[in-house]
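Those protein sequences? They're chains A and B, same order as listed.
According to the numbering used here, the first sequence holds residues 1 to 569 in order.
According to the numbering used here, the second sequence holds residues 1 to 493 in order.
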Amino acid sequence: MTSTTIAPHELLEHELPDPPCSPQLVEEMLRQLARAIKTHQLYLPNNPIYQRAIENLHAAFAPIWPHTPEIVLSITEADFRWLGRSVMHESNRSESLPWVFFKDGVRELTMSQGIEDEELVSLLRILQRVRNAAPEEDDLLTLMWEQEFTRLRYRFVDINLDSHGSFDAPPAPPQERTLPIVEDIRAEEEAQPKRTSGIVRMEDLDATLYFLDEKEIDYLRGEVAAEQTIDMPRNVLAIILDIFEVQENEKVREEICGILESYMLNLLSSGAYGSVAYLLGETEQLIGRVGSLAPAHRQRLLALPTSLSDPKVLSQLLEALDQSESIPQQAELDALFDQLRGGVLGTVLGWLKQAQKPELRTALERVATRMASTNTAEMMKLIGSSDVSVAIEAMRRAAELKTAGAVAPLAKVLQQPIVELRQAAAQALAEIGSPGALRLLETALNDDDRDVRVSAVRAIGVRGHRAALPRVEEVVQGKSVKAADLTEKMAYFEAYGALARDAGIPPLDKLLNERNFWGRRATPEIRACAARALGIIGSASALESLRRATNERDPMVRSAINRAMREKT
Amino acid sequence: MSTTSAVSTSAANLTPPSVAERGSDGLVRKMGREFLLAIYGALRTVKMYPPDNPVVQKTMQEVVRLSNELLRAEREVELRVSGEFIFINATRLRLDLENYASFNRIISAFKDAGVGLCRMRDASSERDWVVFLTLLQNAAVGEPDARLYALGEKLAAAKVTTFELGPSTNLDEEMRQKAKEAAKRTYAQSVSVTKEVINSVRMGRSPNIKKIKRVVQGIVDQVLNEETSLIGLTTLRDYDEYTFTHSVNVCIFSVALGRKLGLTRLQLYDLGVAALMHDIGKARVPLTVLNKPSGLSEDEWRTICGHPWMGVLQLFAMRGQNDIPYRAMIVAFEHHKKTDLSGYPKHLRPRTMSIYSKVVAVADAFDAATSRRAYQTTPLSPADVLQEMRINPHRGMDQVLVKAFMSLVGHYPVGTLVVLDTFEMAIVNAVNAVPEALSRPIVRLISDEQGNLLFPGTIVDLNQMNDSGGYVRTIIKVADPERYAIRVSDYFV
């Protein structure tokens with residue numbers, strides 16, 4: 001490595017040039033810079049602590065600029081030096097800001113006025129990246145080069161290229177001699193009166209041959225613009241797969257199998273899910289197309305989707321998605337999951353509860369529904385999963401897809417002791433609404449859990465499952481209903497109204513308008529429910545019954561009557 | 001006032017900046033470009049219409065507006081022409097597809113009038129510009145100093161005192177020397193790193209990706225700042241080092257062509273990495289096959305033709321953990337394909353050829369055909385190669401890119417040995433900045449009229465005219481350096 005000495009810091013104190021302002025101002029600015037770097041590592045840009053650190057750093061530059069338009073810092077292993085004076089000393093390399101610059105070869109930094117306005121955050125981002133970088137990743141010089149700072153200049157020694165060549169000495173002048181030019185030309189002219197190679201032709205002098213016209217310029221501009229839209233990962237995948245197919249050499253194919261395995265991981269970690277889907281889809285077709293495929297290679301290619309479908313691997317992917325800043329497009333996710341193997345649905349369903357990001361949950365719900373629709377057998381199997389959250393999500397998918405075939409596994413779930421499962425089963429059956437589902441729901445009316453019963457009776461009512469009328473009637477007209485809460489009561493009465501129709505008016509009218517043997521009316525809740533049921537029946541007789549009660553004084557009953565009549569009129 | 005330029009030096013010691021000068025000059029760059037485009041428009045209108053024509057008036061108003069705005073921001077405006085570049089104060093304005101024709105026209109007008117710089121310290125008027133631009137396009141004949149003097153006299157007679165004119169300064173020569181030194185360092189490092197990379201791959205070791213990136217950064221900086229010196233060094237076609245110098249040359253030509261296409265700095269970087277690595281697959285071809293002078297068996301030929309796809313596999317093998325050099329892979333795969341996607345290697349899935357691959361294909365074909373290597377002991381002359389690339393569609397190159405490449409390297413590319421009508425011999429040193437003078441490059445005279453060899457020789461502009469309005473020198477023939485035992489690269493190092 002070349003010398004890193006920069007003249008001023010070797011001078012004695014009294015020989016140093018007078019600084020344009022107090023070195024303490026520069027020291028303070030560097031302190032604030034170091035703080036800002038730390039906060040940049042710890043906090044997001046919208047965090048108040050981060051924002052305060054940036055403001056402080058911004059403010060630290062302000063008192064310097066009236067005295068000098070730029071700050072030139074020379075850099076040693078442990079120091080930033082300004083005009084020969086140390087303005088930051090950090091001997092601990094793991095903490096040292098000067099060392100971050102020094103180790104990658106930067107020996108001088110010049111900050112110009114205005115750096116704090118636009119470029120400081122870019123610098124902080126670069127420093128953070130460099131501090132966390134693995135040895136094979138880009139170093140500070142490359143990152144600074146790519147950034148193209150305009151307010152930050154730097155000088156560096158290129159540690160990487162120091163040992164590389166130079167033209168050691170200028171070439172020795174050629175020996176003095178005379179070239180036989182004239183003789184050659186004469187000889188050529190005599191030998192070949194016609195044109196000889198190299199003789200200039202007039203048409204060659206037409207410089208317009210080389211001018212680009214507007215159309216050509218537009219063409220090139222279009223090509224350059226199109227270049228920026230190329231899907232690079234997919235393009236390279238197509239190349240790799242083409243090579244695999246065209247080259248039958250086993251070693252080449254072996255190498256490509258390895259490339260595909262690691263490339264797939266790379267694509268996953270970079271969030272290129274569409275490309276992974278492309279890879280898996282193309283691989284599947286390739287396996288079917290290439291006749292000369294060695295069994296070992298076939299196995300490795302087949303393993304690509306299988307390995308990704310492994311619950312542990314897939315969970316990693318989903319976790320990465322949950323932690324990433326943005327969620328990929330739905331189409332990309334759909335395409336990826338379309339390529340995965342059976343068993344994936346369970347993992348996805350399990351993740352629906354775990355996902356922290358609502359947008360990921362939404363996306364995964366769509367994925368899950370899509371997968372369930374193409375793999376109902378798997379979905380029905382998962383309804384019986386021992387993982388409660390998976391079973392519940394499977395039942396939700398069955399409900400969403402109204403999968404009649406799911407009734408059998410749902411029947412088993414209704415026998416389960418876990419209430420959440422039975423509730424989900426009842427809701428699923430209600431959504432499915434097939435005759436089989438409704439028959440099952442009849443049995444659910446006897447469930448111990450109120451929610452299960454409510455789901456069941458509501459579905460029965462909405463679907464008009466008249467076979468359940470005797471059971472519903474028994475509840476409505478019996479005593480058990482009195483013990484139920486208002487929601488359940490209302491569900492039963494609504495179902496009763498829907499199932500019994502006009503036949504239900506006399507008992508409902510009795511409950512709404514009449515007194516019992518002891519001259520008492522039914523409770524306001526029961527009467528309100530009866531009014532609601534009459535409203536659902538909605539016939540002239542039902543309305544008449546409601547009208548008779550319009551002078552009701554109890555607010556709950558009056559409100560129910562009014563609502564029922566309003567809805568019918 | 002312009003702030004100081006940014007400096008990125010790749011110097012091995014802390015000598016003054018030698019590679020790149022980049023600075024906080026965005027404003028000057030933007031306004032400068034607009035200013036030059038306005039001057040270009042004004043140059044055209046004063047040539048076509050009388051001064052009181054509304055079109056002329058309008059264009060002059062725009063020139064005055066922009067020059068005054070620049071003056072307000074910078075206190076003084078110095079427009080300097082150096083080689084093929086235009087500087088506004090310390091800022092070099094970049095060429096791109098949008099402006100290169102107009103920039104060249106201005107450079108040409110300045111050079112014709114012997115003007116190296118034009119400085120303004122005070123606000124100008126529309127009349128000042130009409131007079132100046134009219135006179136600029138009606139330059140006297142003779143030596144540059146005489147033309148400049150004549151223009152100054154005419155301006156004074158017309159009572160136009162806003163413009164301080166000056167000739168090309170020694171500063172240009174100093175800058176050229178510095179740029180040349182930087183170019184030499186960049187070139188040597190690039191060849192050395194390429195050699196290390198390819199040899200590492202051959203030995204099954206993992207090459208240092210950072211070094212590759214660094215040399216390409218150096219090449220991009222060099223091309224953006226002063227490409228002539230670097231392009232001159234592509235004549236260093238060392239037979240023994242062909243594989244390495246070829247990769248570096250292709251990188252230089254590609255980046256220079258990319259710059260002409262208006263690619264951004266980072267895009268040039270991507271293109272440069274891809275170009276430098278385009279033949280990396282050859283590291284997998286046995287040297288016995290690669291260096292076989294003739295009589296390749298079918299298998300051996302197939303092996304050589306496999307280097308594009310081998311390159312893709314190699315790039316996968318040598319990448320770091322995070323970076324996948326996608327463009328380099330695509331270019332490695334496609335650089336021997338024709339624009340209709342025939343050629344080799346075979347592909348199965350539908351694809352569209354990348355413009356980067358097309359650029360590298362042109363640069364690759366040019367450098368390969370003009371180089372001496374195992375199976376081509378007599379290289380073709382650059383002029384013949386260009387001619388072939390232009391007229392032979394079976395080469396399968398993008399014809400628009402070939403045209404752009406020709407306008408980059410001129411009809412007589414840098415390094416071409418030529419015989420002049422004075423019977424002097426010369427080596428092409430740089431393409432002429434005057435667009436109409438692509439066949440009249442800047443050359444270095446390496447022998448006098450009697451054929452006496454000169455070293456290092458003097459630089460002359462073949463577009464230069466004598467007092468009677470004829471050209472002082474004209475190329476009559478392209479010559480073979482081997483015939484005269486001349487090592488062209490000696491004149492560039």
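Even glycine gets a Cβ: it sits at the ideal position worked out from N, Cα and C.
Keep in mind that this is a model prediction, so the values were computed, not measured.
Q: Taking residue 455 of chain B as part of the beta strand (DSSP E), name the residues at either end of that continuous run.
A: In this chain, the beta strand (DSSP E) harbouring residue 455 of chain B covers 453-461.
Q.
Pull the bridge partners of residue 156 of chain A from the DSSP assignment, please.
A. Note: residue 156 of chain A sits in a beta bridge opposite A:106.
Q. Taking the DSSP output, what are the residues bridged to residue 77 of chain B?
A. B:120
Q: Look up residue 89 of chain A in the DSSP assignment and give the residues it is bridged to.
A: A:79
Q | Strand pairing of residue 132 of chain B, partner residues [DSSP] | A | Answer by DSSP bridge pairing: none, since residue 132 of chain B is not bridged.
Q. Going by the CB atoms, is the gap between residue 248 of chain B and residue 190 of chain B shorter than 8 Å?
A. With respect to the 8 Å criterion, residue 190 of chain B and residue 248 of chain B are classified as neighbours on the basis of their beta carbons.
Q) Do you know offhand how far residue 234 of chain A's Cα is from residue 464 of chain A's? A) 54 Å
Q. In chain order, what residues of the segment 90-101 of chain A put their CB closer than 9 Å to some CB of chain B?
A. none
(Q) Taking contact to mean 3 or more Cβ pairs, one atom from each stretch, closer than 8 Å, check whether the segment 150-161 of chain A and the segment 94-108 of chain A are in contact. (A) yes
Q. For residue 238 of chain A and chain B, any beta-carbon pair shorter than 8 Å?
A. yes
Q: Please report how far the alpha carbon of residue 180 of chain A lies from the alpha carbon of residue 267 of chain B, in whole angstroms.
A: 48 Å
Q) Within the chosen definition, does the segment 190-200 of chain B reach the segment 151-161 of chain B through at least 3 CB pairs nearer than 8 Å? A) Because the criterion of three Cβ pairs below 8 Å is not met, the segment 190-200 of chain B and the segment 151-161 of chain B do not touch.
Q: Under 7 Å between beta-carbons, which chain A residues line up against residue 450 of chain B? List them in chain order, please.
A: Here the neighbours are 178.
Q: Report the neighbours of residue 72 of chain A on chain B: residues whose CB is nearer than 7 Å to its CB, in chain order.
A: Chain B residues near residue 72 of chain A: none, gap ~10 Å exceeds 7 Å.
Q | Cβ of residue 235 of chain A within 8 Å of any chain B Cβ | A | yes
Q) So, does the CB of residue 349 of chain B fall closer than 8 Å to a CB anywhere in chain A? A) yes
Q) Applying a beta-carbon distance threshold of less than 7 Å, which residues of chain A neighbour residue 182 of chain B? A) Within chain A, no residue comes near residue 182 of chain B; the closest Cβ sits about 11 Å away, beyond 7 Å.
Q: List the residues of chain B that residue 304 of chain A touches, going by C-beta distances under 8 Å, in chain order.
A: Under the 8 Å cutoff, chain B gives no residues; its nearest Cβ is about 16 Å from residue 304 of chain A.
(Q) For residue 548 of chain A, count the other beta carbons within 10 Å of its own beta carbon; 16 or more makes it buried, fewer makes it exposed. Which is it? (A) exposed
Q) If we count the other Cβ atoms within 10 Å of its Cβ and call it buried at 16 or more, is residue 347 of chain A buried or exposed? A) By the C-beta density criterion, residue 347 of chain A is buried, having at least 16 other C-beta atoms within 10 angstroms.
Q: Taking 8 Å as the threshold, find out whether the segment 208-215 of chain B comes into contact with the segment 459-469 of chain B through three or more Cβ pairs.
A: no
Q | Cβ distance (whole Å) where residue 488 of chain A is taken to contact residue 453 of chain A below 8 Å | A | 6 Å
Q) Can the beta-carbon of residue 179 of chain B be found closer than 8 Å to that of residue 136 of chain B? A) For residue 179 of chain B and residue 136 of chain B, no; Cβs fall outside 8 Å.
Q) Counting pairs of beta carbons, one from the segment 131-151 of chain A and one from the segment 411-424 of chain B, are three or more of them closer than 8 Å? A) no
Q) Applying the criterion that 16 or more other CB atoms from any shown protein chain within 10 Å of the CB defines a buried residue, is residue 340 of chain B buried or exposed? A) exposed
**Q.** As assigned by DSSP and simplified to three states, the class of residue 70 of chain A
**A.** Reduced to three states, the DSSP call for residue 70 of chain A is strand.
(Q) Taking the beta carbon of residue 203 of chain A as the centre, do at least 16 other beta carbons fall within 10 Å, making it buried, or is it exposed? (A) With a pLDDT of 49 at residue 203 of chain A, under the threshold of 50, the predicted position of this residue should be treated as unreliable, though the coordinate-derived value follows. When all chains shown are included, residue 203 of chain A counts as exposed.
Q: Could you spell out where the beta strand (DSSP E) holding residue 425 of chain B opens and where it closes?
A: For residue 425 of chain B, the enclosing beta strand (DSSP E) covers residues 425-430.
Q) Going along the chain, which residues of the segment 136-147 of chain A sit with their C-beta nearer than 9 Å to a C-beta in chain B? A) So the close ones are 136, 137, 138, 139, 141, 142, 144, 145 and 146.
Q | chain B contact for residue 328 of chain A (CB, 8 Å cutoff) | A | At a cut-off of 8 Å, the C-beta of residue 328 of chain A has no neighbouring C-beta in chain B.
Q. Can you tell me the Cα-Cα spacing of residue 314 of chain A and residue 320 of chain A, whole angstroms?
A. Between residue 314 of chain A and residue 320 of chain A, the C-alpha separation is close to 10 Å.
Q | Entirely enclosed beta strand (DSSP E) segments - the segment 428-459 of chain A, minimum 3 residues | A | none
Q: Check the Cβ of residue 316 of chain B against every Cβ in chain A and list those closer than 7 Å, keeping chain order.
A: What residue 316 of chain B touches in chain A, judged by beta-carbon distance under 7 Å, is 259, going in chain order.
**Q.** residue 103 of chain B (DSSP reduced to helix, strand or coil)
**A.** helix
Q) How about the segment 303-312 of chain B and the segment 217-230 of chain A: do they share at least three Cβ pairs that are nearer than 8 Å? A) no
Q) Based on Cα-Cα distance, which residue from B:149, B:92, B:78 and B:90 lies nearest to residue 122 of chain B? A) Ranking B:149, B:92, B:78 and B:90 by Cα distance to residue 122 of chain B puts B:78 first.
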